[in-house]
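Read through the structure below, which is laid out as structure tokens, and then see the notes.
This is the structure:
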């Protein structure tokens, strides 16, 4: 249907209708036999009125009623008949004879239903001997044309989509909504809902409908698929009668050709009808849907939308909650609560939903109550819920106890994971392959078993076996793990293991898949995103890590203790890598609180090590020492497994360097060398640790340092690799070695030597670029120093970022002051701000290289 124009009356016409009116205007006395078909509200009456207006202007008499059977007919009179579907057979017979004689001028409008045999014959005759017109809903273009013709709204083109979507293009409804919006006060924002006055205009249309039609409309308004058999039971009618009822309702223009209600009609149906009738229909509909095993969630949503949820049976609410559990656990928990309010006893499923949504307070309250009062089946499930919540809050010992008590095979596997996390090797044999309680070998149970095996291998076996088992466990949950309640996800443990192995790409992929599949619901989503932020931080991508960390708390929920510990460590790690001493000081108190709140376990040694370095940087490591001792004791109970102990020794080495304890640093290096044969990652870290200590003692072997630095980079420790090369560069007396190591450091931190798109410079070129003045009077290196001085960094912090000594930074500042002829530091800073701003404008759009620091 192509929009062509608008008649003088405001009637929006398509190309065919416009051609009809143009032909009538050109020859008002010519032959005219037209049948107009369309549902109610599609413009039949408006079109007849336009035809009458055209003929009356031409002086032709217009009759707007069907002739009586014995009434004489004047060929010069135009007969316009509306609602022909309501005529009896005798009057339809008169119209049929008028068409057959070909002497009379006749236009007949009718709805598609009901259609008697006589009306069908008349329609066929008009189609054969005259012209048939079918009125359909407006296209979006026609809606836009109608709106443009309304002076008050013509300038608001953003309303077109709203009006068209609300009305589904039904001309009557487009006219109503357009008129209502034009009469409303000037709007201050986008229109969200139709005005109440417009919705009220549908009242008469609904009031004239039979009770069965109103009940049908309420059923359709509830949403969801409605088979004829189900509608028959709802309306107490046979299938054929249901089909007739649907056809009648569609002919009235209340239901679209697709069997759906336009949003504005749905709003009218649900708000204007009697509340008792609406509640009765929807309640019966949910009962029928539940009995046939169909989805009841769409129907329950409709009840909720109009505030009638309290009238829904408890069994229906519980069924809808079960359907919502995987995708909307918080909504499922609300529905379970509504079912409890309706008389259904509280269930472990309700606690499960609350825990899955991340509401651990409600989950623990419900689970604890059920453990004391519920039936054995619910008690077992409640124990799993409580155990999971406690695991997330760091109470691993109590969690293990509850998992064992619950008695299922998957719970036994989770208990093993918890025992190993606390350093308990006493009863961590392989979980049984069968379940004496009758739990089926589901994907969830199989994943739990693999997860336990993977953690056990991480402690006593090769890292490849541990990583393989955990990745497989994560893959098992991806197809259907959204509703899986987990103390920790296999994806998270696989990522942790991969980080400890230096396999960051594997860690990223497994986390990405877990987030995409929604494994563990909202409860685990934060854990997965925090680990993604950790990987970005380790690589030195501090801006991306900051963004990812900020995204974790967008929903406003407080972090649980384990997540809080990781978030604090990431925040401090970012501050350390940015040499942001202020951020470290501001975050230290929160970091200490996070450590206190979550007991030390195997899976939190990584953030504990990062915080140890931050504590050493702040001169406050002593406050963390009790927790570090607990971590070392835990590893000792497990036999000091290399996979978990290597990162802690690596962190301990850097903390010892910062606190100036060479003997302690040597101990950590010795521990790393002792397990260097365990894995490639252990060997790389051991070599880097040994090289680092030598560098700090003034022994710089450029080839060895570069190999160690590149090894760290290749295992994902990009920032550490660049830092090692930079430390060696500023400590070697060999100028050529310094240049080589400096270029290596810059390359390893993601900044290719010489800048983007340029070839690697020679040593002479590099030196000239670093020292030669630019047109503005400062060298490139001096501009770098100036920016960092303006940012408030100390000379030491600037030196750390640029791989130079604090004394060299001081010399740069002195040269800038002399070159710019500044009397004092204040004058220097003011001038530097101007120069840096001008340079930034000149180089807008060019990437600024990332810098690295301890």
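Numbering (this note's numbering), first residue to last: 750 to 1603. Note that CB positions come from ideal geometry on N, CA and C, so glycine has one too.
Local conformation of residue i per DSSP, three classes
| i | result |
| --- | --- |
| residue 1330 | helix |
| residue 783 | strand |
| residue 812 | strand |
| residue 1313 | helix |
| residue 1339 | helix |
| residue 881 | strand |
| residue 1523 | Low confidence applies to residue 1523: its pLDDT is 38, below 50, so where it sits in the model is not reliable enough to give any reading. |
| residue 1169 | helix |
| residue 762 | strand |
| residue 1001 | coil |
| residue 1115 | helix |
| residue 1202 | helix |
| residue 1240 | helix |
| residue 1154 | helix |
| residue 1245 | helix |
| residue 862 | coil |
| residue 1467 | helix |
| residue 1059 | helix |
| residue 767 | helix |
| residue 1271 | helix |
| residue 1234 | coil |
| residue 1193 | helix |
| residue 1228 | coil |
| residue 1433 | helix |
| residue 1576 | helix |
| residue 954 | helix |
| residue 1552 | coil |
| residue 1137 | helix |
Selection from the options that minimises the alpha carbon distance to residue i
| i | options | result |
| --- | --- | --- |
| residue 873 | 844, 897, 885 | 844 |
| residue 1449 | 1485, 1416, 1461 | 1485 |
| residue 978 | 990, 967, 971 | 990 |
| residue 1317 | 918, 1341, 1381 | 1341 |
| residue 954 | 983, 1004, 993 | 1004 |
| residue 763 | 892, 804, 814 | 892 |
| residue 852 | 1191, 1359, 1079, 778 | 778 |
| residue 1032 | 1244, 1334, 987, 1063 | 1063 |
| residue 997 | 1276, 1087, 787, 1379 | 787 |
| residue 1469 | 1433, 1191, 1488 | 1433 |
| residue 1440 | 801, 1070, 1428, 1403 | 1403 |
Burial state of residue i (16 or more Cβ within 10 Å)
| i | result |
| --- | --- |
| residue 1160 | buried |
| residue 1533 | buried |
| residue 1108 | buried |
| residue 793 | buried |
| residue 1578 | exposed |
| residue 1292 | exposed |
| residue 1546 | buried |
| residue 1653 | Nothing in the structure corresponds to residue 1653, since the chain is present only between 750 and 1603. |
| residue 1243 | buried |
| residue 766 | buried |
| residue 877 | exposed |
| residue 942 | exposed |
Residue range of the beta strand (DSSP E) that includes residue i
| i | result |
| --- | --- |
| residue 830 | 827 to 830 |
For residue i, the first and last residue of its enclosing alpha helix (DSSP H)
| i | result |
| --- | --- |
| residue 855 | Unbroken run through residue 855 is the beta strand (DSSP E), 854 to 859; no alpha helix (DSSP H). |
| residue 1555 | 1555 to 1568 |
| residue 978 | 977 to 984 |
| residue 1019 | 1012 to 1021 |
| residue 919 | Here residue 919 belongs to no alpha helix (DSSP H), and DSSP marks it neither H nor E. |
| residue 1085 | 1078 to 1090 |
| residue 1007 | Careful: residue 1007 lies outside any alpha helix (DSSP H) and carries neither H nor E. |
| residue 1047 | 1046 to 1054 |
| residue 776 | Taken as a continuous stretch (DSSP letters only), residue 776 belongs to no alpha helix (DSSP H), as it is neither H nor E. |
| residue 1493 | 1484 to 1497 |
| residue 949 | 945 to 949 |
| residue 1262 | 1253 to 1266 |
| residue 940 | Looking at the DSSP string, residue 940 is not in any alpha helix (DSSP H), and its letter there is neither H nor E. |
| residue 848 | 838 to 850 |
| residue 963 | 960 to 970 |
Chain B within 7 Å of residue i, Cβ atoms only
| i | result |
| --- | --- |
| residue 817 | As a matter of chain content, chain B is missing from the structure shown, which is built from one protein chain. |
Which runs of the alpha helix (DSSP H) fall wholly inside the stretch 1350 to 1416 and span at least 4 residues, in chain order?
-> 1354 to 1366, 1374 to 1386, 1391 to 1408
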